[in-house]
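Asks:
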Amino acid sequence: MLRSERGGGSVLTIATILLGVALAIGFPVWMLIRGTQMQAESAGVGVRQAEDVQADALLTGAAGVAHSYFATQGSFQGFSPQAAAALEPSFRWNADPVASPGMVSIRGVTATSVALVTLGSGRPLCLAIDDGQTRRGTTDARSAADCTGGS
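To convert, note that position 74 of the sequence shown is 65 in my numbering; the numbers rise steadily by one, no gaps.
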């Protein structure tokens, strides 16, 4: 056997060992990074769901205030951010045309209907009270009739 053939085998052996070591270290590191990314994505979904639950709870409470107003007044006429704040000052009320997080926008008030809107996880959520019926939706509703999209 020539000396050059033995050297070639040694280089191949060393290269194989280095490749094995690189894979042995690299694969677990890659899996760790991928797992962290997946956890971050999963946490993002959890945060969005929590924001929607919080927004939905806010609308449910606001609907209770609206029903209370209707029960005492016999109509939704006059139900405004000021009237709502007098009944429930811990909520943030407005009549803005664009939904805001943590705020309840009162819209489309008629004698028998009202739309309540807030912003959930980047999307508007609405609750409509119309002739005693309540429905929820996922639109930036201007009136009770506009509150559609199921939610």
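We treat Cβ as the ideally placed atom computed from N, Cα and C, and that holds for glycine.
So does the segment 56 to 63 actually touch the segment 128 to 137, counting three or more Cβ pairs closer than 8 angstroms?
Replies: Segments in contact, no.
Asks: Report the rounded CA-to-CA distance for G123 versus G37, giving the unit in angstroms.
Replies: Distance between the alpha carbons of G123 and G37: 33 angstroms.
Asks: With DSSP run on the structure shown, which of helix, strand or coil describes S142?
Replies: Reliability fails at S142, whose pLDDT of 46 lies under 50, so the model's placement of it is uncertain and the value that follows must be treated cautiously. S142 falls in the coil class under three-state DSSP.
Asks: For L3, count neighbouring Cβ atoms within 10 angstroms of its own Cβ and tell me buried if that reaches 16, exposed if not.
Replies: It is exposed - the Cβ of L3 has fewer than 16 other Cβ atoms within 10 Å.
Asks: Which residues does DSSP pair with T125 in a beta bridge?
Replies: DSSP output for T125 lists I120 as bridge partner(s).
Asks: Using DSSP bridges, identify the partner residues of P115.
Replies: According to DSSP, which records beta bridges pairwise, P115 is partnered with L110.
Asks: Specify whether the segment 105 to 113 and the segment 79 to 97 touch according to this definition: at least 3 beta carbon pairs, one from each stretch, less than 8 angstroms apart.
Replies: Output reads yes: the segment 79 to 97 touches the segment 105 to 113.
Asks: Going by alpha carbons, who is nearest to Q40 out of L78, D137, L116 and T139?
Replies: The residue with the shortest Cα to Cα distance from Q40 is L116.
Asks: Could you pull the start and end residues of the alpha helix (DSSP H) that Q73 belongs to?
Replies: Counting along the chain, the alpha helix (DSSP H) containing Q73 begins and ends at P72 to L78.
Asks: Less than 9 angstroms between the C-beta atoms of L69 and V44, yes or no?
Replies: First, the amino acid is wrong: residue 69 is Gly here, not Leu. No, the Cβ-Cβ distance between G69 and V44 is not below 9 angstroms.
Asks: Along the chain, where does the beta strand (DSSP E) that runs through R98 open and close?
Replies: From DSSP, the beta strand (DSSP E) with R98 extends over V95 to R98.
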